[in-house]
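Residue numbers (UniProt numbering), protein chains in the order written: chain A, 1 to 502; chain S, 1 to 348. Just so it is clear, CB atoms sit at the ideal spot from N, CA and C, and this is done for glycine as well. Model, not experiment: these values are computed from the prediction.
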Amino acid sequence: MGETGPEQPTLALSHVSKAFGAVRALRDVSLELFAGEAHALAGENGAGKSTLVKTLAGVHRPDSGQVLLDGEPVVFHGPADAQQAGVAVIYQEPTLFPDLSVAENIFMGRQPRGGLGRIDRRTMNAEADKLFERLGVGLDPQRPARGLSIADQQLVEIAKALSRNARVLIMDEPTAALSGNEVARLFNVVKALREQGCAVLFISHRLDEIFELCQRVTTLRDGAWIAAEPVEGLTHEDLIRRMVGRDLDALYPKQETVAGEVALKVDRLTREGVFADVSFEVRRGEIVALAGLVGAGRSEVARAIFGIDRFDAGSVTVGGTRLPAASPTAAMAAGLALVPEDRRQQGLVMELSIERNIGLAGLRDLRKGPLISRAAERDRARDWAVRLQLKFGRLTDGVGVLSGGNQQKVVLAKWLATGPSVLIVDEPTRGIDVGTKAEVHRLLSELAAQGIAVLMISSDLPEVLGMADRVLVMHEGRIAAEIPRADATEESVMSAATGRAA
Amino acid sequence: MSETTSEAAPAQKASPGPDAPGPGTSRRGVGHLLRWDVLVTALLLVVFLGGSLTSPSFASAGNLSFALGDLGEIALIALAMTMLVVAAEVDLSVASVLGLSSALVGSLWDAGWSIETIIPLVIVVGAVCGLVNGLLVTRLGLPSLAVTIGTMALYRGLAYVVLGDRAIAEFPQQYASLAVDDVPGTPIPYPVALFVVLAVVTAIVLHSTGFGRSLFAIGSQEEAAFFAGIRVKRIKLVLFVLSGTIAAFAGVIFTLRYGSARADNGVGIELAVIAAVLIGGVDFDGGKGTLGGVIAGVLLIGLLRNLLMLNDVTTEIQSVVTGLLLIVSVLTPRLAAVIRQRRRLPAP
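Rendered as structure tokens:
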């Protein structure tokens, strides 16, 4: 990788590794960002992209390897050091001070001073205007930040970075929440910055955007460096193969099933201020995906269905039984199971053993008279551990020693052992390795084939498109679209998720 | 669309559980011997032998019977407290409920009620005291430490309202003897026999029923327990009611045993109870512990108190010893965990 060209990379990582406990988030990863070039970082969820960004931003320090600035090794002791060095990160959802003006947000802590040390608003607004001019956008520096769209907030962040003379701009999935026009505008801004000599690192799940904007792409898989190459001459399929390590068919083994009777019926479900008027049905044998942007209210709907949270209006019916509000116990009795979003907080009791965790949702079934039968508990755990190909030492080991993917299998085992008719899975493969991911997909497919109704919440678009019979798209707390498998594409789902009519 | 959460998650809680297996296979052999409750039992034997050597009357049946009887209320309350602490809650108002119960017994007896009416009534009052604690904790989501410090003052205050500074004595002999006499043919006082029965029941409930399993899950990770369909609030409410009920019953025994009803009966014994539970190896953060350990802890506290008393050590010093034991029992497992982790580091 050394022979990239005559010039020095502005910012580079050289053979960087980083581990969190037993999880090796980055293994011997290198990356070179050149001035005037937009560089894409590709990889699936959990491939290590965020860890890499945080290493560049000074949030994490590498366990081994170096960060190089203009060819010289540097150590960022914190985000402030990285900012000082001219590295700016634009996150997906910026955090501005809503009650301050746009200009005040840009110059927070570095306001130009006038006489008597007072803030010179006139200069500040003029400077902000100049920055927006450079970016080629027309934002009013004097308006409050409250009410700005996410796209505009990102522009404010970019202006802030420019005002600090940032030379490296890192954009972590900036387009995830943007509409088509907003994406086009952002790209113009990035192209302008590139021409002005900035080095840009761009992260996106949308391959089209990588091909449109970037000159080079570095691919990570499971924390390891896979390739760094020019975008020109690469096809979508090439890039997917590098990201996934296999062809997509194997990753999404969807079986054709015939939808049976309605197993879950949600009617006009509303929780004030969170989601409203949500209605849909899931039939036996179906996998229905609930897609949408983070914060659209998907997990909240799942929580309300299962009874974790109370709902204010509407009804949930499982197999003909109308569920009382806010009772997970009643939901379970009716045949509902929920594999929650946060495995480590909600899915598992980390201190308990594998067998106790698997038994936890079915303590009633393990009884022999008033007592728990340890033999029944062990049999249940062993049975499901084998069926899900769990990799474990002993069933009495704590679940904390398992890998993320195997922990997720324990959560699945816990719920499948209750014999549900409706399975809700919330981000079932987030943060787990590709191999286990494919196994989870195969399992979901098999379950549907056995007549279980599956409702799958996922932020992973390929997963949604690969696994779902129907896609429900949520936008700002409402169902914005229902798209059958045949019509579901990245474009149709994203346009509904970002609020443009489908 | 963001993978921030997925990749940040391991950073927050990446360390495996404390009882994660080491690289070796010898965990069962050595690890078993190093279990906390086994250590406490060993310590108990040491105290017993030490006591027998230093104080000739210590090991006599009479003294041991007295020591056990003297321990009765603490032991009974410790059973309910164990379940609470395993579920990561605590009830500091138990001694005050005991005092209120004692004051009510005295005042009602003084007013001419029969003991047969007084006892069930007082126990119901104890259950209500526990219910109030439980409702404040589960419905309003207040921390039990704060709630029960409040009700500790409240219930003790009520005890003084009921009885003032008076001391009521002269309870009928047949009831008083129930609280002190031995079960015929044994050196075991009735309250101790009752404790043995209840301890067996508690051990079964805690370690072999779904209810017990739920307590450990709640204590380790309440949210995950709730997501698994466990009725967390209801279970906690039951525990607090149980704790109040047992404390009130202990108040009746205490009153009859000393033949004296006073509002300040049992002041401070909540500390002895909690010390016994923690020395018994129950983690104050919940989720860990065995009833066997707690029973060893209760006996250890009881024998120590008795030994100190036989050697004419003042109650102030006894209190110092209880306090030190409490701190040591909280500190030692943490130190052990740190040492274990240090030792594990060089291993791959």
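Check                                                                                                                                                                                : Outcome
Short of 8 Å in beta carbon distance, which residues of its chain neighbour Ile-269 of chain S, apart from the five on each side in sequence? Order them along the chain.            : Glu-73, Ile-74, Ile-77, Val-94, Ala-95, Leu-98
Note down the Cα distance separating Glu-104 of chain A from Leu-169 of chain A, rounded to an integer number of angstroms.                                                          : 21 Å
With H, G and I counted as helix, E and B as strand and the rest as coil, what does DSSP make of Glu-490 of chain A?                                                                 : helix
Starting from Glu-223 of chain S, find everything on chain A with Cβ-Cβ shorter than 7 Å and list it in chain order.                                                                 : Gln-345, Gln-346
List, in order along the chain, the chain S residues whose C-beta lies closer than 8 Å to that of Ala-289 of chain A?                                                                : Per Cβ cutoff of 8 Å: no residues; Ala-289 of chain A is ~14 Å from chain S at best.
In terms of residues, what are the limits of the alpha helix (DSSP H) holding Thr-51 of chain A?                                                                                     : 49-56
Identify the contact partners of Ala-217 of chain S in chain A, using a Cβ-Cβ distance below 7 Å as the criterion.                                                                   : Val-349, Leu-352, Leu-360
Using only alpha-carbon positions, find the residue among A:Ala-12, A:Gly-36, A:His-39, A:Ala-35 that is nearest to Val-29 of chain A.                                               : A:Ala-12
Do we get a CB-CB distance below 8 Å when we pair Gly-287 of chain S with the residues of chain A?                                                                                   : yes
Who are the near neighbours of Asp-182 of chain S in its chain, counting only those whose CB is closer than 8 Å to its CB and skipping five residues on each side?                   : Ser-65, Ile-188, Pro-189, Tyr-190
Using beta carbons (cut-off 8 Å, strictly below), is Pro-94 of chain A in contact with chain S?                                                                                      : no
Report the residues of the segment 113-130 of chain S with a CB closer than 8 Å to any CB of chain A, ordered along the chain.                                                       : none
I believe Gly-150 of chain S touches Leu-242 of chain S by the beta-carbon criterion, under 8 Å. Please report the beta-carbon distance rounded to the nearest angstrom.             : Not confirmed; about 20 Å, so no contact.
Leaving out the 5 sequence neighbours to the left and right, which residues in its chain are closer than 6 Å to Phe-107 of chain A when beta-carbon positions are compared?          : Met-124
Can you tell me the Cα-Cα spacing of Gly-29 of chain S and Ser-220 of chain S, whole angstroms?                                                                                      : For Gly-29 of chain S, the pLDDT reaches just 40, beneath the cut-off of 50, and the residue's location in the model is therefore unreliable, although a value from the coordinates is still provided. If I take the Cα positions, the gap works out to 26 Å.
Relative to the C-alpha of Ala-199 of chain A, which candidate in A:Leu-371, A:Leu-56, A:His-475 has its C-alpha closest?                                                            : A:Leu-56
Skipping 5 residues on each side, what residues in its chain have a beta carbon closer than 8 Å to that of Arg-310 of chain A?                                                       : Arg-271, Ala-304, Ala-325, Ala-326
Spell out a yes or no on whether the segment 382-401 of chain A and the segment 342-351 of chain A are touching, meaning 3 or more CB-CB pairs, one atom from each, closer than 8 Å. : yes
Does the segment 30-50 of chain A touch the segment 204-223 of chain A, meaning 3 or more C-beta pairs lie closer than 8 Å?                                                          : yes
Distance check for Ile-253 of chain S and residue 355 of chain S, CA to CA, integer angstroms please.                                                                                : Absent from the model: residue 355 of chain S. The displayed extent of chain S is 1 to 348, so no value can be given.
With a 10 Å radius around its C-beta and 16 neighbouring C-beta atoms as the bar for buried, classify Ile-354 of chain A as buried or exposed.                                       : buried
Tell me, please, whether the segment 275-283 of chain S touches the segment 300-309 of chain S by the rule of three or more beta-carbon pairs shorter than 8 Å.                      : yes
Check whether chain A comes within 8 Å of Ser-107 of chain S, counting only Cβ atoms and requiring the distance to be less than that.                                                : no
For Gly-324 of chain A, would you say it is in contact with chain S, using Cβ-to-Cβ distances shorter than 8 Å as the test?                                                          : First, the amino acid is wrong: residue 324 of chain A is Pro here, not Gly. Closer than 8 Å: no.
So, with DSSP's three-state summary, where would you put Leu-218 of chain A?                                                                                                         : Per the sequence shown, the amino acid found at residue 218 of chain A is Thr instead of Leu. It is a strand residue.
Are any of the Cβ atoms in chain A nearer than 8 Å to that of Ala-228 of chain S?                                                                                                    : yes
Run through DSSP, which three-state label would Val-124 of chain A get?                                                                                                              : In the sequence under discussion, the amino acid at residue 124 of chain A is Met, which differs from the Val named in the question. Of the three classes helix, strand and coil, the one that applies to Met-124 of chain A here is helix, per DSSP.
Assuming contact is defined by CB atoms lying nearer than 8 Å, are Gly-251 of chain A and Lys-437 of chain A in contact in what I supplied?                                          : Note that residue 251 of chain A corresponds to Leu in the displayed sequence, not to Gly. Yes, the pair counts as a contact, with Cβ atoms nearer than the cut-off.
Between the segment 189-211 of chain S and chain A, which residues of the former have a C-beta closer than 8 Å to a C-beta of the latter?                                            : Ile-204, Ser-208, Thr-209, Gly-210
Using C-beta distances below 6 Å, list every residue in its chain close to Asp-372 of chain A, excluding the 5 sequence neighbours before and after it, in chain order.              : Sequence inspection shows Ile at residue 372 of chain A; the Asp mentioned does not correspond to that position. Closer than 6 Å at Cβ, skipping near neighbours: Leu-366.
Which residue spans inside the segment 289-354 of chain A form an unbroken alpha helix (DSSP H) run of at least 4?                                                                   : 298-306, 328-333
Can you tell me whether Ile-119 of chain A is buried or exposed, with buried defined as 16 or more other CB within 10 angstroms of its CB?                                           : exposed
Which parts of the segment 150-230 of chain A are runs of the beta strand (DSSP E), unbroken and 3 residues or longer, counting only runs that do not cross its ends?                : 168-172, 199-203, 216-221, 224-230
Of the residues that make up the segment 35-60 of chain S, which ones have a beta carbon closer than 7 Å to any beta carbon in chain A?                                              : none
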